[in-house]
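Number of protein chains: 2
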Amino acid sequence: MTETFTENAMQQDGADGAEGQEQPGGSVEAGGALYRRVAADLREAITTGAYGEAGRLPAEGALAERYGVSRGTVRQALAVLRADGLVTSRRGTRRVVLGNARVQSFSELLSFTHWARSMGEEPGGRLESLLRRPADAAEREQLRLDPGAEVYVTLRLRTLSDTPVMVERTIYPPHVGVLVAQLPADVVSHTEHLREHGILFTDADHTIDVVTANGDDARLLGCRRGAPLLRERRRTTDPTGRPVEWSQDRYLPGMVAFSVHNSLATSALSRHARADD
Amino acid sequence: MTETFTENAMQQDGADGAEGQEQPGGSVEAGGALYRRVAADLREAITTGAYGEAGRLPAEGALAERYGVSRGTVRQALAVLRADGLVTSRRGTRRVVLGNARVQSFSELLSFTHWARSMGEEPGGRLESLLRRPADAAEREQLRLDPGAEVYVTLRLRTLSDTPVMVERTIYPPHVGVLVAQLPADVVSHTEHLREHGILFTDADHTIDVVTANGDDARLLGCRRGAPLLRERRRTTDPTGRPVEWSQDRYLPGMVAFSVHNSLATSALSRHARADD
DNA sequence: AAGTGGTCTAGACCACTTA
DNA sequence: AAGTGGTCTAGACCACTTC
């Protein structure tokens with residue numbers, strides 16, 4: 001194994017038709033693109049320890065020959081692994097295995113339900129309130145709405161195996177909100193339901209800090225008012241760049257942690273002063 | 001402007017010699033590489049609003065012609081901006097401006113001193129303790145040390161304009177620790193000093209969660225014992241993949257927030273259950 | 001001196017969006 | 001049907017690391 005692809009011929013790739021919608025980068029690791037299949041194969045080899053703890057990868061040229069692809073395609077595959085923090089890359093020497101990546105797809109990150117299930121936990125949720133009201137200035141800016149536009153506001157409690165974990169407040173723009181408002185109250189995953197209705201999530205900006213529980217938080221999570229909570233705020237946009245949600249999740253301490261990989265080449269993380277509210 | 005480069009001829013790039021060490025991706029945005037200069041120019045144009053709030057960028061081919069480079073180079077430049085969350089990218093339509101990126105270099109993120117100065121604040125620090133002792137199992141694994149190896153442990157208070165902000169506990173492997181131990185106690189930036197001694201930081205894994213202040217934290221930060229703190233743990237490696245520090249920063253609430261951009265194409269962020277200690 | 005990754009080019013075809 | 005970004009190829013030269 002890892003000498004060639006486990007199940008694919010790779011040379012001929014004409015017949016690619018019967019694949020459903022196949023979100024690129026979605027749940028299935030082995031995307032249709034050649035470089036994604038190479039990346040998936042290399043990831044498998046690395047995480048199973050085929051190159052050792054801090055071992056060196058074969059040269060790009062050698063990998064190109066092994067997989068029967070051009071060097072450019074190999075480099076595209078390796079760029080994926082580098083961004084995930086799996087391997088280093090520097091001029092002059094072969095790539096070195098950095099660590100065993102935390103594989104977590106974009107959709108797992110946005111959907112509490114999807115994330116919970118990927119861990120083998122049973123996700124639950126209860127819609128506490130849903131209302132429609134005029135957007136304030138901050139909401140109009142975040143969701144890029146015109147003055148006078150309305151937003152849909154939801155408050156939901158999220159549980160893992162019936163244990164309260166997080167309170168989620170989400171602001172939806174009208175075109176998304178109307179879909180949310182139609183949902184039965186017992187639908188577990190809003191995100192997945194929206195996707196079925198053509199609302200796609202492709203980009204998100206996250207901000208993480210600490211806040212204290214207000215009355216609602218305390219009541220729902222079963223903590224004291226004023227108790228510390230880990231907060232993740234997130235603005236998500238669709239493929240056209242249009243904002244589709246502005247959400248604020250508040251986790252009980254000790255239930256979750258957020259991880260980021262970062263390098264000279266790719267730095268998506270930043271630290272800000274004075275968390276504005 | 002933005003039609004061609006502001007100060008560079010771009011076609012001839014033979015003489016590139018008198019540039020110092022020039023860390024790639026370091027403080028200077030316009031790196032020596034062609035695609036970095038294109039990226040810097042496009043970033044400038046986007047953040048100054050040349051393409052509007054949610055405007056569309058020119059086609060890749062048009063940009064290639066404008067800058068006098070190949071389409072591949074333009075795509076390399078655009079990949080940088082996409083990773084920063086500045087623009088979208090989907091097949092079939094032109095790229096769309098997503099937002100005004102939070103530009104923060106890798107070195108600003110790792111160095112409290114560098115970060116503070118980039119905000120115009122006056123960073124301060126006080127070394128509370130420095131000791132050498134045998135590494136425990138967790139430390140050996142994180143820093144990839146052999147059994148019996150020793151580590152250097154520092155405890156430092158960090159201030160902005162003399163206001164306590166953060167307590168930093170760092171574990172250094174021997175080859176870095178000996179350098180830290182030689183430093184005068186009043187050196188402001190360990191990170192910058194280490195860089196001058198040939199210790200380079202190129203990759204980091206960050207984990208963010210909430211903890212409660214212990215006795216030392218409370219005394220140094222002036223908060224109550226048990227008060228919530230925002231914690232960032234970080235393992236940093238050098239270009240060869242060797243760990244150079246394992247650090248744990250604890251911030252007073254409200255002083256900082258961490259931000260990450262994320263997309264279907266590039267996802268460096270993940271959420272974990274049960275923050276292990 | 002040899003090997004390796006970083007950068008750049010030129011051209012090709014395809015999948016998708018929009019009109 | 002036209003335009004656009006996504007993917008892939010083949011080849012070239014360079015900067016850097018290692019021996």
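If you're matching them up, the sequences are chains A and B in order.
Position one of the first sequence corresponds to residue 1 (the UniProt record's numbering), numbered consecutively onward.
Position one of the second sequence corresponds to residue 1 (the UniProt record's numbering), numbered consecutively onward.
C-beta: ideal position from N, C-alpha, C; glycine also.
None of the values given here were measured: they were computed from a predicted structure.
>> Which of the three DSSP states is assigned to A/PHE201 in this structure?
In response: coil
So with CB distances below 9 Å, who are the chain B contacts of A/PRO253?
ASP209, VAL210, VAL211, THR212, PRO228, ALA275
Q) Does any CB atom of chain A fall closer than 9 Å to the CB of B/HIS272? A) yes
B/PRO123: CB within 8 Å of a non-hydrogen atom of the ligand COA
By its list of ligands, the structure shown contains no ligand whatsoever, and the ligand COA lies outside what it can speak to.
What does a CB cutoff of less than 6 Å around B/SER247 pick up in its chain, not counting 5 residues either side in sequence? THR170, ARG234
Along chain A, which residues have their Cβ under 9 Å away from the Cβ of B/THR47?
Those within 9 Å of B/THR47 in chain A number zero; the least Cβ separation is about 15 Å.
(Q) Rounded to whole angstroms, what is the Cα-Cα separation between B/ALA218 and B/GLY226? (A) 8 Å
Start-end ranges of the beta strand (DSSP E) lying completely within the stretch 190 to 245 of chain A, minimum 3 residues = 203 to 212, 228 to 237
| Is it true that the CB of A/SER259 sits closer than 9 Å to the CB of B/ASP205? | yes
Please report the straight-line C-alpha distance between A/GLN142 and A/TYR172, rounded to a whole angstrom.
10 Å
Taking the continuous beta strand (DSSP E) assigned at A/THR159, which residues delimit it? 150 to 160
Range of the contiguous alpha helix (DSSP H) that encloses B/SER118: 112 to 118
Between the stretch 36 to 44 of chain A and the stretch 76 to 95 of chain A, can you find at least three pairs of beta-carbon atoms closer than 8 Å?
yes
Discussion item. Distance check for A/GLY85 and B/THR237, CA to CA, integer angstroms please.
Written reply: 11 Å
Residues that B/ASP146 contacts on chain A, provided the C-beta gap is smaller than 7 Å = What B/ASP146 touches in chain A: nothing, since even the nearest Cβ is about 13 Å away.
### Message
Let me make sure I understand the geometry here. Which of B/ARG144, B/PRO164, B/ASP162, B/VAL176 has the alpha-carbon closest to that of B/VAL153?
### Response
B/VAL176
* Asked: Does any C-beta atom of chain A lie closer than 9 Å to the C-beta of B/THR191?
  -> no
Check: Does B/ARG90 come within less than 9 Å of chain A when only Cβ atoms are used?
Finding: yes
- Query: Thinking C-alpha only, which one of B/GLY92, B/THR191, B/LEU230, B/LEU200 is nearest B/THR212?
  - Reply: B/LEU230
**Asked** Does the pairing of the stretch 106 to 124 of chain A with the stretch 59 to 69 of chain A give three or more beta-carbon distances under 8 Å?
**Response** no
Quick one: is B/THR159 near chain A, going by C-beta distance under 9 Å? no
**Q.** When B/ASP249, B/PRO239, B/SER189 are compared against A/ARG56, the one with the closest alpha-carbon
**A.** B/PRO239
Q. Once you ignore the five residues that flank B/TYR51 on each side, which residues in its own chain have a CB closer than 7 Å to its CB?
A. ALA45, LEU57, VAL97
Using DSSP with H/G/I as helix, E/B as strand and the rest coil, what is A/ALA142?
According to the sequence provided, residue 142 of chain A is Gln. The question's Ala does not apply to it. DSSP places A/GLN142 in helix when its eight states are reduced to three.
*So which residues of chain A does B/ARG102 contact, with C-beta pairs closer than 9 Å?*
ASP205, SER270, HIS272
- Would you list the residues sitting across from A/ASN262 in a DSSP beta bridge? B/ALA204
Note down the Cα distance separating A/LEU130 from A/ASP186, rounded to an integer number of angstroms. 13 Å
| How would you call B/HIS190, buried or exposed, if buried means at least 16 neighbouring beta carbons within 10 angstroms? | buried
message: Among the candidates B/ARG36, B/ARG91, B/SER107, whose CA atom is the shortest distance from the CA of B/ALA59?
response: B/ARG91
Among A/THR88, A/LEU155, A/THR207, nearest to B/ARG102 - alpha-carbon criterion
A/THR207
Which bits of chain A does B/LEU109 rub up against, with CB to CB less than 9 Å? ASN262, SER267, LEU269, SER270, ARG271
Open item on the list: With DSSP as the reference, identify every bridge partner of B/MET166, one or two as the case may be.
Closed with: B/ARG158, B/TYR251
Q) For B/ALA137, which residues in chain A fall below 7 Å Cβ to Cβ? A) Within 7 Å Cβ-Cβ: nothing; B/ALA137 doesn't reach chain A, min ~16 Å.
Worksheet entry | CA-to-CA distance, A/MET166 to B/ASP209, given in whole angstroms | 14 Å
Close Cβ partners of A/GLU139 (< 8 Å) along its chain, the five nearest in sequence each way excluded
LEU145, VAL151, ILE171, TRP246
- Using the Cα positions of B/GLN222 and B/PRO164, report the straight-line distance between them to the nearest angstrom. According to the sequence displayed, residue 222 of chain B carries Gly and not Gln. Taking the straight line from one Cα to the other gives about 8 Å.
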